[in-house]
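Report on one structure; see the data block that follows.
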């Protein structure tokens, strides 16, 4: 493509371009190619930045989802732990109540046992008191 300067020098449209025209055309073409290259590089860089942003967003989204899953798992574990502790406390209260009932029963049994033992002692004392009388009565009968 001839430039204005080349058109002034040429007298005929069929005349071949000179070395200066060729150099000028090549420089102009190089300049256009540089502009196109810069535009394409900018477009690629923009696409690259957008792709990186999308990738970062996906990673951030996955990370947040994993965090939410971890929080849910921790909350579930805490709920299970609280339930287990509540159940343990209930069992402990039941055991303490059973112990109290057994202690009361043991105290009652001990009192009954004391009554029986005291009764046996009294019976033994009564028997001991009767034996000397009986022996005394028997010896009196023998003497007579």
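In the numbering used here, the protein residues as written are 1061 to 1204.
Quick reminder that beta carbons are idealized off the backbone N, C-alpha and C, glycines included.
Residue-chain proximity (residue 1152, chain C), Cβ-Cβ < 7 Å: Although the question refers to chain C, the structure presented lacks it and comprises just one protein chain.
Cα-Cα separation between residue 1107 and residue 1118, rounded to whole angstroms: Their backbone Cα atoms lie some 16 Å apart in a straight line.
Backbone secondary structure at residue 1076 - three-state DSSP: It is coil, neither helix nor strand.
CA-to-CA distance, residue 1095 to residue 1080, given in whole angstroms: 22 Å
Alpha-carbon to alpha-carbon, residue 1097 and residue 1087: So the alpha carbons of these two residues sit roughly 15 Å apart.
Nearest-angstrom Cα separation, counted from residue 1166 out to residue 1174: Cα-Cα distance, rounded: 12 Å.
Contact test: residue 1139 Cβ vs the ligand ZN heavy atom, cutoff 6 Å: Judged by which ligands are present, the structure shown has none, so any question about the ligand ZN falls away.
Proximal residues to residue 1143 (C-beta, below 8 Å), its chain only, five neighbours per side dropped: none
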